[in-house]
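Visitor: Let me begin by handing over the structure; questions about it come next.
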Amino acid sequence: MNGPDNPYTNTFTRLLDIESPIICGAMYPCSNPELVAAASEAGGIGIVQPISLTYVYGHDYRAGLRYIRSLTGKPIGVNMLVEGSSGTYRKRLEEWMDISLEEGVRFFVTALGNPRWVVDKAIQVGGIVFHDATNATHAKKALDNGVNGFICVNNRAGGHAGDLTPQALYDEISPLGMPTICAGGVGDRHTFHEALKIGYLGVQMGTRFIASKESAAHDDYKNAIIESKAADIVLTDRISGVPVSVINTPYIKRLGLKAGWLARQLLKGRWTKHWMRAFYAIMSGMKLKKASLWGSGYRDFFQAGKSVGTIDNVTSVADIMNELRDDHGS
Ligand SMILES: Cc1cc2nc3c(=O)[nH]c(=O)nc-3n(C[C@H](O)[C@H](O)[C@H](O)COP(=O)(O)O)c2cc1C
Numbered sequence: 002m003n004g005p006d007n008p009y010t011n012t013f014t015r016l017l018d019i020e021s022p023i024i025c026g027a028m029y030p031c032s033n034p035e036l037v038a039a040a041s042e043a044g045g046i047g048i049v050q051p052i053s054l055t056y057v058y059g060h061d062y063r064a065g066l067r068y069i070r071s072l073t074g075k076p077i078g079v080n081m082l083v084e085g086s087s088g089t090y091r092k093r094l095e096e097w098m099d100i101s102l103e104e105g106v107r108f109f110v111t112a113l114g115n116p117r118w119v120v121d122k123a124i125q126v127g128g129i130v131f132h133d134a135t136n137a138t139h140a141k142k143a144l145d146n147g148v149n150g151f152i153c154v155n156n157r158a159g160g161h162a163g164d165l166t167p168q169a170l171y172d173e174i175s176p177l178g179m180p181t182i183c184a185g186g187v188g189d190r191h192t193f194h195e196a197l198k199i200g201y202l203g204v205q206m207g208t209r210f211i212a213s214k215e216s217a218a219h220d221d222y223k224n225a226i227i228e229s230k231a232a233d234i235v236l237t238d239r240i241s242g243v244p245v246s247v248i249n250t251p252y253i254k255r256l257g258l259k260a261g262w263l264a265r266q267l268l269k270g271r272w273t274k275h276w277m278r279a280f281y282a283i284m285s286g287m288k289l290k291k292a293s294l295w296g297s298g299y300r301d302f303f304q305a306g307k308s309v310g311t312i313d314n315v316t317s318v319a320d321i322m323n324e325l326r327d328d329h330g331s
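Going by our numbering, the residue at position 213 of the sequence shown is 214; the numbering climbs one at a time, nothing skipped.
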């Protein structure tokens, strides 16, 4: 537990009351409730992805949170994708936020938009909000809106990757004086300790946890992660309209990595871009859900980061955490 005997105790672990500064990042569509619970139970913290919990795994939101609670009594977090949050989506997000607070969640990871309203709700009950940032400009804006720290998403991350290396991003964001967490490229003890050496207080990992026993991802997906090297990760904007890291499977090679000319124009337009993103979100949501749960038999849209190069087995979340924390030989 947190305390003088735990070498990983720091400002971040104390803030969240967890043992190890290791976050199992939110993943659409890979955040199955058992994976989230296992990460918290093993001493890190699992982040709920509300769309995964409801749309992919079919839980009513509150019942889903209670199910996770039945698997672990330790803290969990919730991801809020606040981009363009207006209309029906915003209403749904606010409901999820209120239910999360009612069910005792106190840690939130915001991404893509202005986190102000999430901060305003969280702050009333002593909640903590960390914002995903890929550069200092976005981080500064989020800080002006009251966040407590940053998940620094670098150019090795799975999902929507950033442009900067872990070191360059730390150098940009750490002068803001808030806690920073490294997201991207961490998959083993060596990369975990590299991130801590740079000065990050912890890590957020996605890809490593997809290749775990508790992950509901299809075996084809887990095997693709084990077999791939960092060089097999490519960025495609064919999935969501913004670049996403995926394994360069034969299907991705056939499809190409760039959205078509018309789609690109619509994505640039002030009014059309929201509509276009929504369209992509629905289409990609269906494709990603099918690929991750049904495997290569559907289509190989396997999102992953460059940490694939550090992953060579499928093991339990507890074993993954123990391997990271073991200082011997790092
Ligand atoms: C399949 C997949 C889906 C993701 N979905 C989300 C998401 O819905 N929300 C979010 O904030 N981050 C998302 N991420 C980013 C992760 O939370 C985490 O920051 C990232 O995976 C870290 O990089 P790594 O994969 O190299 O460990 C996703 C990542 C992956 C691999």
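The C-beta atom is built at its ideal place from N, Cα and C for all residues, glycine as well.
Remember, predicted model here, so these are calculated numbers, not experimental data.
From G59 to P176, what does the alpha carbon distance come to, in whole angstroms?
Guide: Taking the first residue of the sequence shown as 1, we reach residue 59 at position 58. Taking the first residue of the sequence shown as 1, we reach residue 176 at position 175. Computed Cα separation, rounded: 42 Å.
Visitor: Give the range of the alpha helix (DSSP H) segment to which T208 is assigned.
Guide: For the purposes of this step, residue 208 is taken as residue 207 along the sequence shown, with counting starting at 1. Here the alpha helix (DSSP H) through T208 covers 208–211.
Visitor: Cβ-heavy atom distance between D164 and ligand 1 below 8 Å?
Guide: Here residue 164 corresponds to residue number 163 of the sequence shown, with the count starting at 1. No, the Cβ of D164 stays beyond 8 Å of every heavy atom of ligand 1.
Visitor: Can you name, in chain order, every residue of its own chain whose Cβ lies under 7 Å from the Cβ of D327, other than the five neighbours on each side?
Guide: In the sequence shown, the residue the question calls residue 327 occupies position 326. Counting only Cβ-Cβ distances below 7 Å, and skipping sequence neighbours, we find R190.
Visitor: What does the alpha-carbon distance come out to for the pair D320 and K223?
Guide: For this step, residue 320 is matched to residue 319 along the sequence shown. For this step, residue 223 is matched to residue 222 along the sequence shown. Straight-line Cα distance between these residues: approximately 16 Å.
Visitor: Does the segment 305–323 come into contact with the segment 199–216, if we say contact requires no fewer than three beta-carbon pairs (one atom in each stretch) closer than 8 Å?
Guide: Yes, since at least three Cβ pairs between the segment 305–323 and the segment 199–216 fall closer than 8 Å, the two stretches touch.
Visitor: Please list, in chain order, all residues of the same chain as W272 whose beta carbon is under 7 Å from its beta carbon, the five residues on each side excluded.
Guide: As a working mapping, residue 272 is identified with position 271 in the sequence shown. In this prediction, W272 scores a pLDDT of 49, lower than 50, which makes its location untrustworthy; the coordinate-derived value is nonetheless stated afterwards. Result list for W272: empty, nothing under 7 Å.
Visitor: Is DSSP giving L16 helix, strand or coil here?
Guide: Walking along the sequence shown from the start, residue 16 turns up at place 15. Here L16 sits in helix by DSSP.
Visitor: According to DSSP, what are the bridge partners of T237?
Guide: Position 236 of the sequence shown, counted from the start, is the residue given in the question as residue 237. V245, per the DSSP bridge assignment.
Visitor: Between the alpha carbons of L144 and R67, how many angstroms are there, rounded?
Guide: Locating residue 144 in the sequence shown gives position 143, counting from the first residue. Locating residue 67 in the sequence shown gives position 66, counting from the first residue. Going by the C-alpha atoms only, they are around 31 Å apart.
Visitor: According to the neighbour-count rule (16 or more other Cβ atoms, all chains shown, within 10 Å of its Cβ), is I227 buried or exposed?
Guide: Translated into positions along the sequence shown, residue 227 becomes position 226. Counting Cβ neighbours within 10 Å, I227 comes out exposed, since fewer than 16 surround it.
Visitor: Since S317 and K214 should fall inside the 8 Å C-beta cutoff, what is the C-beta to C-beta distance between them, to a whole number of angstroms?
Guide: Within the sequence shown, residue 317 is the residue found at index 316, counting from 1. Within the sequence shown, residue 214 is the residue found at index 213, counting from 1. The pair is a contact, with the Cβ atoms about 5 Å apart (cut-off 8 Å).
Visitor: Compute every distance between the C-beta of L82 and the non-hydrogen atoms of ligand 1, then say whether any falls below 8 Å.
Guide: What you label residue 82 is simply residue 81 of the sequence shown in a count that begins at 1. Within the cutoff, so yes.
Visitor: Give the DSSP-derived three-state secondary structure of V37 in the structure shown.
Guide: On the sequence shown, position 36 is the one that residue 37 refers to. Correct three-state label for V37: helix.
Visitor: When DSSP labels each residue in this structure, what does G44 get in the three-state scheme?
Guide: For the purposes of this step, residue 44 is taken as the residue at position 43 of the sequence shown. Three-state result, G44: coil.
Visitor: Roughly how many angstroms separate the alpha carbons of A218 and A196, rounded to a whole number?
Guide: In the sequence shown, residue 218 corresponds to position 217, counting from 1. In the sequence shown, residue 196 corresponds to position 195, counting from 1. Rounded to the nearest angstrom, the two C-alpha atoms are 27 Å apart.
Visitor: Does DSSP put N146 in a helix, in a strand, or in coil?
Guide: Numbered from 1 along the sequence shown, position 145 holds the residue referred to as residue 146. Residue state, collapsed to three classes: coil.
Visitor: What does the alpha-carbon distance come out to for the pair V148 and L17?
Guide: Here the question's residue 148 lines up with position 147 in the sequence shown. Here the question's residue 17 lines up with position 16 in the sequence shown. Roughly 14 Å separates the two Cα atoms.
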